[in-house]
Amino acid sequence: MNEKTKIKFKEKVTFYGKKKNKTVTARIDTGARRCSIDKKLAEEIGAGDVKMYKTIKSALGKTKRPVVKLKLKIKGKTFNAHCTIADRSRLKYPALIGRNVLRHGFVIEGK
2 MNEKTKIKFK
12 EKVTFYGKKK
22 NKTVTARIDT
32 GARRCSIDKK
42 LAEEIGAGDV
52 KMYKTIKSAL
62 GKTKRPVVKL
72 KLKIKGKTFN
82 AHCTIADRSR
92 LKYPALIGRN
102 VLRHGFVIEG
112 K
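Under our numbering, the first residue of the sequence shown is numbered 2, with each subsequent residue one higher.
Structure below.
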């Protein structure tokens, strides 16, 4: 039986890019289908080639976002995940972790 790794609603996440690696505090969001990172963070780490574009529905409407495949690490677990790139400059966290990562054995703890 695989034991789940407990995480909180905000966690330190390391993103591995072609230029460099960077650890940021990310928001954990069970309502988000996939991860999203700020466009400046993507540029800074050298996120790599756009694999596809996805239409994302949010409170602000629909937008078409580029998707990159990134290596990332949370609580000692390292894996690859598709992340959309968005302008998150007005948001508190430069990255959002969605269900595509949470399904790798994470469970969210309460406050």
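Ideal Cβ positions, reconstructed from N, Cα and C, are used throughout, including at glycine.
Because the structure is a prediction, the values reported are computed rather than measured.
Query: Which whole-angstrom value is the C-beta distance of Thr-6 and Phe-80, which I expect to be below 8 Å?; Result: Actually they are not in contact, since the Cβ atoms of Thr-6 and Phe-80 sit about 12 Å apart, beyond 8 Å.
Query: What residue from Glu-12, Lys-52, Cys-84 and Lys-78 has the CA that sits closest to Ala-33's CA?; Result: Cys-84
Query: What does the alpha-carbon distance come out to for the pair Leu-73 and Thr-64?; Result: 24 Å
Query: Within 10 angstroms of the Cβ of Leu-103, are there 16 or more other Cβ atoms? Answer buried if so, exposed if not.; Result: buried
Query: How many Å lie between Leu-71 and Gly-49 at the Cα?; Result: 8 Å
Query: Judging by CA-CA distance, which residue of Ala-27, Arg-35 and Gly-47 is the nearest neighbour of Tyr-17?; Result: Gly-47
Query: Since Leu-71 sits in a beta bridge, which residues does DSSP pair it with?; Result: Ala-82
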